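Some notes on the structure that comes next.
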Amino acid sequence: MSSQVKRGGKVWKAVVGVISTVIIVGLFVALLVLTASGHWVDSVSSDSASVSHAVSQRRITAYCPSRMTLPDASAYGDSEYQPSEGDISSSAGFAAFGAVYRSQFGALDGSGDTTQLKDLDPTDTANVIAASADVDRTSLLFDTQLLESAAGVGASASVASWATKGDLRGLSATFCDVGALEQSFVLPDTQTGTTQQLVVANSSSKATVVDVRVWGTEQSGALALSTGSTLTVAANAESVLSLSAAASGQKGLYVTVSSRQTPVSASVRVIRTEGLNPKGSDYAAAAGEASKELVFPAVAEGDKATLTVYAAGSGSLTAAWVGAAGQSVHQYSGDRVTTIDLGDVPKDASALKITADTKVTAGVTVSRDGNGNQSDFALIGAAQTDDRSAAVIPSGLDGRVSVVNASLSSKQMHMTGYDDKGAAVGEKTITVDAGAAASFDASDLGKNVFAVAADGKGLAWGVRLSSSAVSDAKLAGIAYIGATPLMPLQERIWARSDMTIVH
25 MSSQVKRGGK VWKAVVGVIS TVIIVGLFVA LLVLTASGHW VDSVSSDSAS
75 VSHAVSQRRI TAYCPSRMTL PDASAYGDSE YQPSEGDISS SAGFAAFGAV
125 YRSQFGALDG SGDTTQLKDL DPTDTANVIA ASADVDRTSL LFDTQLLESA
175 AGVGASASVA SWATKGDLRG LSATFCDVGA LEQSFVLPDT QTGTTQQLVV
225 ANSSSKATVV DVRVWGTEQS GALALSTGST LTVAANAESV LSLSAAASGQ
275 KGLYVTVSSR QTPVSASVRV IRTEGLNPKG SDYAAAAGEA SKELVFPAVA
325 EGDKATLTVY AAGSGSLTAA WVGAAGQSVH QYSGDRVTTI DLGDVPKDAS
375 ALKITADTKV TAGVTVSRDG NGNQSDFALI GAAQTDDRSA AVIPSGLDGR
425 VSVVNASLSS KQMHMTGYDD KGAAVGEKTI TVDAGAAASF DASDLGKNVF
475 AVAADGKGLA WGVRLSSSAV SDAKLAGIAY IGATPLMPLQ ERIWARSDMT
525 IVH
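Following this line, the structure appears as structure tokens:
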């Protein structure tokens, strides 16, 4: 009996030992798993830990289109009736302001040499470099690398072409476009005698596909284009779409250009003829952002003005001449283009201001007549207000600066003129009353003004160009270039911790 009890006690001890061992091993394994799993989750000192970093643009690349050309200059039929570009000339001006590491320009396709802007007068205190060229043979790419991103630091460039003979008699000009993934254009009519060519340039090293959408005056909604709505633009190349063929018979157009792969630059060549009589040509630059209030500088007595408007919804707008009495109220339709004949620009008017019920995108076309049934027109986009900005007047042309104050208080702007060597030649400070405008010849700043830089808040401005060669031939010649912002483009990037991030 006692031996059986002893054997039972030994068995019980063995069972308890086994159970204890299993429990200890289980606890040990669980401890290992729980401890190791902590290494798989990122640890942070606080659930709200975050860091931020400011990034800014230090490189500006602008596309400068080639000179104005006829869409079809083929030699066929009687020589008397063949299209001709006549004695057309071109000029391009480039300027870089402030702390610049390098600024240069060359052909868009990379052929030929590049020209670097240099400080030709190191003793001059002006921190500006400049250069000139022509755009007779090719479009140019203007590339500027900045040492800092700050107000007053940047680059500006423009191109122009003019003729006193042939079918391009008159003057055309535009500023060089820095490009974007999406751009929009407000354009005049595509009726008989008008040709419009959308030129899309890709300055990157890879090709892209561009989607083009067009709205007209004859129906609501985007038009079905007869030539297709996509363009493939090769690297460092241009592609052309004939808007007048794709959307003919419209009194005005609103066009959007959207690139799928890389930012692109674009401009539209607009040419008008009436029988054998040239009726002008100009470049249309990309429109700014839609707004309920827009101002258009550089109109003048003797102009005939037409306002072209696009809006997503219907409403009414008030068009008022700045500097002269007179305003009018007009209706516009949603999801289509509306054109408004404003008639003759009155005496003393130097700008147009529109105030709309809804946000609109708009442009103004002004025209003048010359001798021999010739006329010319200028496409004026809405001007923006930047604290610092600049414009370049291409060599061989004259400029008249137009400044507009659309605010409710008086404002000042300090303007400095520079010659084509980058030397400061003069300066002036102008005061513009609330709701008023001021204009002066660029030559008032000094001799041989090539570039104008402006410093002043809340004022919009641009430059109206003219050519003595064209006016001496008793021809109409008008063009407009808007001011280029010299403001830093900055973004702030935030990085926040996330306890759920697993390796």
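All letters in the sequence shown, in the order written, are residues 25 to 527 by the working numbering.
Just so you know, even glycine gets a beta-carbon here, dropped at the ideal spot from N, CA and C.
Note that this is a predicted model, so its numbers are computed, not measured.
Y125 is classed as exposed because its beta carbon has fewer than 16 other beta carbons within 10 Å across all chains shown. Across the structure, A475 and T149 are spaced so that their CA atoms are roughly 16 Å apart. By the Cβ rule, the region 324 to 332 does not count as touching the region 226 to 233, because fewer than three pairs are nearer than 8 Å.
Here V476 carries a strand assignment [DSSP, helix/strand/coil]. At the C-beta level, A375 and I502 stay beyond 9 Å of one another.
Rounded to the nearest angstrom, the gap between the Cα atoms of S196 and A187 is 9 Å. By the criterion of a C-beta distance shorter than 6 Å, G122 is surrounded in its chain by N151, G176 and V177, once the five residues flanking it on both sides are discounted.
Bounds of the alpha helix (DSSP H) holding D496 are S492 to D496.
Assignment of beta strand (DSSP E) within the region 370 to 443, counting only whole runs of 3 or more residues, yields 375 to 393, 399 to 405, 412 to 416, 422 to 428 and 435 to 442 in chain order. If you draw a straight line from the Cα of F320 to the Cα of A406, it is about 5 Å long. For S291, the closest of P302, L265 and S434 by C-alpha to C-alpha distance is L265. Cβ atoms of S163 and L132 come within 8 Å of each other, at about 5 Å. A Cβ-Cβ separation of about 5 Å places D422 in contact with S490 under the 8 Å criterion. Note on S244: under 16 other CB atoms within 10 angstroms of its CB, so exposed under the neighbour-count rule. In the three-state reduction of the DSSP assignment, S173 falls in the coil class, being assigned neither a helical nor a strand state. For S289, the secondary structure class from DSSP, reduced to helix, strand or coil, is strand. Under a 10 Å Cβ-count criterion, S433 is classified as exposed, with fewer than 16 other Cβ atoms of the shown protein chains found around its own Cβ. Note that the C-beta distance between A311 and A335 is not below 9 Å.
If one requires a minimum length of 3 residues, the beta strand (DSSP E) runs lying completely within the region 215 to 284 are 218 to 226, 232 to 239, 254 to 257, 261 to 266 and 277 to 283, in chain order. Taking C-beta atoms as the reference points, G190 and D111 count as a pair closer than 9 Å. C-alpha of V494 to C-alpha of D158: approximately 18 Å in a straight line. With a beta-carbon spacing of about 5 Å, A181 and F166 fall inside the 8 Å limit used to define contacts. The region 234 to 250 and the region 294 to 309 do not touch, with fewer than three beta-carbon pairs separated by less than 8 Å. The closest CA to that of L205, considering only T379, E317, S289 and T409, is found on S289. Around the beta carbon of K371, fewer than 16 other beta carbons sit within 10 angstroms, so the residue counts as exposed.
Under the DSSP definition of a beta bridge, C200 lacks any partner. For I112, there is no enclosing beta strand (DSSP E), since its DSSP letter is neither H nor E. Bounds of the beta strand (DSSP E) holding P321 are S315 to P321. Between L499 and D368, the C-beta gap is not smaller than 9 Å, which leaves the two residues out of contact.
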